[in-house]
Amino acid sequence: MTPEEILLRDAFLLGIELKLFWFVTLLYGISFLIGIVYLISSKPEIGRALTWGLRITVVFHTVLIIFRGFEGMRPPFQNLYETLSWFAWFANATYLYAQSRWREVHIPGFIVAGIAMAACLYGIFSRNPVISPLPPALQSPWYEAHVIAAFLSYAVFVVSFAVELCYLKFKTPPEEPHGIFGYIDNEFRRWTHRLVLFGFPFLTFAVFSGAAWANDAWGRYWSWDPKETWSLITWTVYAMYLHSKTVGRWKDMPASLLNILGFICMIMTFLGVNWLVKLFGIPSLHTYAV
Amino acid sequence: MLYKFFSSLKTSVYILAAMSIMFLIGTIFPQGENIEDYIEAGGKYVPLVRALDFLDIFMSPLFLVITFVLTVNLIICLYDRFKIFIKIKRRVIDFERLKGHPNVLSFDKAAFEKRLKTIGFTFKIQTDDAVNPGIKVYEKGIQYWWLSWFYHVGIILAILGFFVTALFAFEKGVLLFPGKPESISLYSKETRWNEFLEKMGMDIPEEQVRDEYVLTLEEFVTEYNQVLKIDYPKGKLERLAIGIGMTKLVPSPKGFSYMPKMWLTRFNVKKPDGEVLYAKLWVNRPFRTGYLTLYQMGYEQRVELLANGKVIDAEARVPFEVEGVNGKFVLGSLKVGTLFKKDGTTEKIDPVTTLYHIPEDDPKARNVLGEITLGDKIDAKDTAFEFRDYKEGSYLSYRKDPGIWLVGLAGLFVFLGLFVRSLGAWYRIQYAVESKTAYVLISSRGILADKDRIIKKLKKK
Ligand code: HEM
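Sequences listed follow chains A and B, in order. Note that the numbering used here has the first sequence beginning at 1, numbered continuously upward. Note that the numbering used here has the second sequence beginning at 291, numbered continuously upward.
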């Protein structure tokens, strides 16, 4: 093939990929809407439809990720455009796995669908999808491991957050275990802890591999830049959550609040601190690479 | 009292909360800035910022105190739990409570113990009770409290490592041009430790010959990838139009562009003992020997131009003037080296750069005058430019960090502990036999622990 033919082929493949990505985003959107209807009507069939919506989406989304890998002939987790998609996929897959263990609980699905859709839209609108080789600074096995572990842990925390919110809002009183949204009981709630316990080592690995990468690339494993520091805040908050789960009186509400706070910190790692800096009226003398 | 306070998990949660608040402050206030600049830029809360060192929060006394308290908390906690674990004073349930426990299971006593052993449980202890049957304890998997002990030790190591780095590490840069050896020293007076010694009125050690290394550049190589250019629209609606197939994605008329693939430096290092090592390094692949680590940071390109007959030594991306011509000029990055093409072939790039003009009244503007290749000429702004020669220097940084191995070790401790603890499986079975029934209580830890599977196996005849 001549370079020009390769160029045409790549543009063609990227076109297909983008259509598929939009379609997957639409499916998340539809699932989210079904979730809203479920929230209003609380009809069990609609709850089941929500879970089915997410199941169908995960199939198409898997195809999308494999397609992207095939297009670039490399693992598709190398820039924010790709990892946002992977994050949404993993959140959905984790949710579906957990959901398969619950009896008739479908409601957290609408939160997961909403977040997955937001991640996909963010990827589509704010990033450039054109596949290009990694710049030298990012060519490190640590970098790849770092990105995969970070987004994997974030995805798991999203599901934990969704479960936590649904528990707080819809928990069923002990005398009638089957509430309007199914068995939202203590067994259901144990998933919040289980999920964070699963995600935490990966988040730890993400922080560590990020440091190892920085150490190879610049010789300084930690420089306290806001992004690094936010990941440390997130990590500390989840450590507090795990600790609170082992303290008798903090197992309930305080732990729930810490879980939700952990989720907010995680979002802050993404969105950066610029608005917070403005809120406090602090001049930012650096230009941070957020 | 103090011991109780420090061995409590609640204390650690409070300390971790205080820590997070310090981190948060560190993300809001510009770190490493000068307080005067901060005030000049209209910074708020100046007395507070000054008193609590908000512009260098991670070295502020407050932060150090909190870190110290956390470390003490961790050490005491670990000591406390160590004592408990060693004695395995993990309380065994008594018979009445076992039998009345909501999660208790009953099994046929026959061969129960044998089955436990065949599925991998090992006997731990047995209690004696004058009245009731004794309780036997069996376990399977690594005891999770040792794992969690292990990763908490890792956290202490990490804090220590950070501290050693903060006190003793330093880094500097060196620019190497071919044929011009540079010497560097693995000693710096500017570490925090030396600053501290100086403040205390003590002598700082002098630099010695044994710290000196000589670096000589042999070759600096740049490589580029040929990158696909596709005009992907920026607008949301235009992107949506592509997504729903209303418009087609097309290659850019410009075709391909260049993207840096790698920068690589080949050089030799003369060590203090006279030994010479031949080395190469590139981005993300530092070169290490002993305590010295060298990193590829960047490069400097110098172009020899002839402008109206006068020789100009211009650095790429740095504006220069030509006598008698208004405004300034600047050269873009020089492209030179090997191009890796999309079709798998490679090509030597003819050294080429772009010449821009910067008008006097608009110093931000960069007006393209044209591309210029080695040996070529262009006429622009009433000036004849000729690209005569070029050279590239490699910019390396070097660093000595005695804390790094501690942090690495800490990482290893933390992971092994965390991963095995969280993802692994540990089970504990306490049971007692009364007539033909075994009353069994199963507890487990770890994501992979599956009580139901164990129960099934125990029931299998
Ligand atoms: C940076 C500081 C710390 C971090 C990141 C951290 C992290 C963790 C994590 C992730 C867990 C739990 C997961 C689990 O096994 O359920 C845990 C449990 C625990 N931590 Fe910490 N910890 C820290 C400091 C401390 C301190 C200072 C103490 C001392 C009071 C402490 C005592 C404990 C205990 C007793 C447990 C429960 C043991 C267990 O269930 O494995 N931790 N810690």
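Every residue gets a Cβ at the ideal spot worked out from N, C-alpha and C, and that includes glycine.
CB of Leu342(B) within 8 Å of CB of Leu352(B), strictly: Leu342(B) places its beta carbon less than 8 Å from that of Leu352(B).
Inter-residue Cα distance where the pair is Thr81(A) and Gly332(B): First, the residue type needs correcting, since residue 81(A) is Tyr and not Thr in the sequence shown. Computed Cα separation, rounded: 37 Å.
Quick check on His106(A): buried or exposed, where buried means 16 or more other Cβ atoms within 10 Å of its Cβ? Label assigned to His106(A): buried.
Just to confirm, is the Cβ distance from Val336(B) to Phe703(B) under 8 Å? Going by C-beta atoms, Val336(B) is not nearer than 8 Å to Phe703(B).
Taking only the alpha-carbon atoms, compute the straight-line gap between Ile365(B) and Ala700(B) and give it to the nearest angstrom. C-alpha separation (whole angstroms): 15 Å.
Nearest candidate by alpha-carbon position, reference Leu299(B), set Leu242(A), Leu7(A), Ile267(A), Lys171(A): Nearest to Leu299(B) by alpha-carbon distance, out of Leu242(A), Leu7(A), Ile267(A), Lys171(A), is Leu242(A).
Under the three-state DSSP convention, the category Ser396(B) falls into: Note: Ser396(B) maps to strand in three-state DSSP.
Give the list of continuous beta strand (DSSP E) stretches no shorter than 3 residues that lie fully inside the segment 365-447 of chain B. Restricting attention to beta strand (DSSP E) runs no shorter than 3 residues, the segment 365-447 of chain B encloses them at 395-398, 412-416, 426-430, ordered along the chain.
Do we get a CB-CB distance below 8 Å when we pair Val704(B) with the residues of chain A? So, interface residue.
Residue span of the alpha helix (DSSP H) that contains Leu645(B), given as start and end: DSSP places Leu645(B) in no alpha helix (DSSP H) but in the uninterrupted beta strand (DSSP E) bounded by 636-648.
What residue from Phe510(B), Lys749(B), Val697(B), Ile737(B) has the CA that sits closest to Leu450(B)'s CA? The shortest C-alpha separation from Leu450(B) is found at Val697(B).
With a cut-off of 8 Å, does the C-beta of Met536(B) fall near any C-beta of chain A? Met536(B) has a beta carbon lying at 8 Å or more from every beta carbon in chain A.
With distance defined between alpha-carbon atoms, name the residue in Pro129(A), Tyr28(A), Phe77(A), Pro136(A) nearest to Ile291(A). Here chain A has residues from 1 to 290 only, and residue 291(A) is not among them.
Name the DSSP beta bridge partners of Thr579(B), please? Thr579(B) pairs with Leu582(B).
Under a Cβ-count criterion, where at least 16 other Cβ atoms within 10 Å of its own Cβ denotes burial, should Asn324(B) be classed as buried or exposed? Taking all protein chains shown into account, Asn324(B) has fewer than 16 neighbouring C-beta atoms within 10 Å of its C-beta and is therefore exposed.
I need the DSSP call for Gln516(B), collapsed to helix, strand or coil. Looking at Gln516(B) - three-state DSSP - the assignment turns out to be strand.
Sequence-distant residues of its chain with Cβ nearer than 6 Å to Asp501(B) (five each side left out): Taken in chain order, the residues that qualify are Ser475, Leu476, Tyr477.
How many Å lie between Glu562(B) and Tyr503(B) at the Cα? Per the sequence presented here, residue 562(B) reads as Pro, with Glu not at that position. Their backbone Cα atoms lie some 6 Å apart in a straight line.
Along the segment 226-249 of chain A, where does the CB come closer than 7 Å to a CB of chain B? Name the residues. From the segment 226-249 of chain A, only Pro226, Thr229, Trp230, Leu232, Ile233, Thr236, Val237, Ala239, Met240, His243, Ser244, Thr246, Val247 have a Cβ closer than 7 Å to chain B.
Assign Arg127(A) to one of three DSSP states: helix, strand, or coil. The answer is coil: DSSP assigns Arg127(A) none of H, G, I, E or B.
Quick one, which residues of the segment 475-503 of chain B are near chain A if we go by CB-CB under 8 Å, in chain order? Cβ contacts with chain A: none found.
Go ahead and pull the three-state DSSP assignment for Gln498(B). Coil.
Which of helix, strand or coil does DSSP assign to Phe452(B)? Correct three-state label for Phe452(B): helix.
Beta carbon of Phe77(A), beta carbon of Glu144(A): below 8 Å? Closer than 8 Å, so yes.
Kindly list, in the order they appear in chain A, the residues whose Cβ is closer than 8 Å to that of Met309(B). Within 8 Å Cβ-Cβ: Thr236.
Per DSSP, Pro550(B) is paired with what? Partner(s): Tyr514(B).
Between Val130(A) and chain B, is the shortest Cβ-Cβ distance under 8 Å, so that the two count as touching? At least one C-beta of chain B is nearer than 8 Å to the C-beta of Val130(A).
What's the C-alpha gap between Thr246(A) and Phe467(B)? Thr246(A) and Phe467(B) have their C-alpha atoms some 60 Å from each other.
Have a look at Glu330(B), Val359(B), Ile311(B) and flag the residue whose alpha-carbon is nearest the alpha-carbon of Phe344(B). That would be Ile311(B), whose Cα lies nearest to the Cα of Phe344(B).
CB-CB length for Val158(A) against Val130(A), believed under 8 Å: Not really, about 28 Å apart at Cβ, beyond 8 Å.
Return the first residue and the last residue of the alpha helix (DSSP H) that Gln321(B) is part of. Gln321(B) -> no alpha helix (DSSP H), and no H or E assigned at all.
Determine the burial state of Thr287(A): buried for a count of at least 16 other Cβ atoms within 10 Å of its Cβ, exposed for fewer. Per-residue confidence for Thr287(A) stands at a pLDDT of 34, beneath the threshold of 50, marking its modelled position as unreliable; no derived number is given.
Chain B residues whose Cβ lies nearer than 8 Å to that of Ala149(A): Per Cβ cutoff of 8 Å: no residues; Ala149(A) is ~11 Å from chain B at best.
What is the DSSP secondary structure of Ala753(B), reduced to helix, strand or coil? The structure shown has nothing for residue 753(B), since chain B only spans 291 to 751.
Separation of Gly614(B) from Ile648(B), as counted between CA atoms: Distance between the alpha carbons of Ile648(B) and Gly614(B): 15 Å.
Along the segment 712-729 of chain B, where does the CB come closer than 9 Å to a CB of chain A? Name the residues. If the cut-off is 9 Å between Cβ atoms, the segment 712-729 of chain B has Ser712, Leu713 near chain A.
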